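Going letter by letter, the sequence shown gives residues -15 to 194 in the numbering used here.
Report on the following structure.
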Amino acid sequence: MIPIQYISQQTNTCSHIDNIRMACAAGCQWIQLRMKNADIPTLTATATLAKEVCDAYGATLIINDHPDIAAMVDAHGTHVGKEDMTVAAARRIVGPHKIVGGTANTLEDILRHVADGADYVGLGPYRFTTTKQNLSPILGLEGIRRILSQLPVRIPVIAIGGIMPEDVPDLFSTGIQGIAVSGLITHAPDKRQLLSTLYQTITHAGTSNS
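Here's what the structure looks like:
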């Protein structure tokens, strides 16, 4: 599992594709295209371009919420939210060899995704974030630690929601295998330096917890 995932954003000065390209150029190897309010033609066109960018950098591309578009552009997989279709339904659309992830806020959410054949789970929110509407209850460090300590099965768990660089060592001590971030990368003045520091911190945290 790639330890850092970038969830795309559009800003006043940069499009989703601009930000995806800059994240990839800075060393990010996993991109999730997330365009909640886009119409289907716009999302399809953007996903096609995102696939070209990710292929050029050798990055993994996941399409949020739309397994049909993920299949259409031959993305590496799709991710479904708590209020969207099930992981099993998404799997039927993208096929057995694609990556399918699901959002979780509770132990029960994770177990349901596991039963449906998820490849990974995004667990959160870690803290409040303005990136996502209809936010689930905040978990915090202890909430994530409690859920993972009770998890009876093995599945890659990615923490998400307002994560900052200083949170990384403690988060990885809970047993997570990655983090998903959005604004942290989007607004970083030096994205390459940020990602380099994050990867080093994660590597050190993994060594310390092994």
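All residues carry an ideal CB built from backbone N, CA and C; glycine is no exception.
Please read all numbers here as calculations on a predicted model, not as lab measurements.
Are there 16 or more other CB atoms within 10 angstroms of the CB of H188, so buried, or fewer, so exposed? exposed
Separation of I77 from A40, as counted between CA atoms: 25 Å
Identity of the residue in Q(-7), A88, G124 and M(-15) nearest A172 by Cα: Q(-7)
Endpoints, the alpha helix (DSSP H) within which L168 is located: G167 to T170
Between the alpha carbons of L135 and T(-3), how many angstroms are there, rounded? 42 Å
For A59, which of helix, strand or coil comes out of DSSP? coil
How many angstroms separate the CA atom of D151 from the CA atom of H81? 33 Å
Hey, G146 and Y110: beta-carbon distance below 7 Å or not? yes
Cβ pair V71, V57 closer than 7 Å: no
Measure the beta-carbon distance from G108 to I131 and round it to whole angstroms, keeping in mind my assumption that it falls under 8 Å. The Cβ separation is near 10 Å, so there is no contact.
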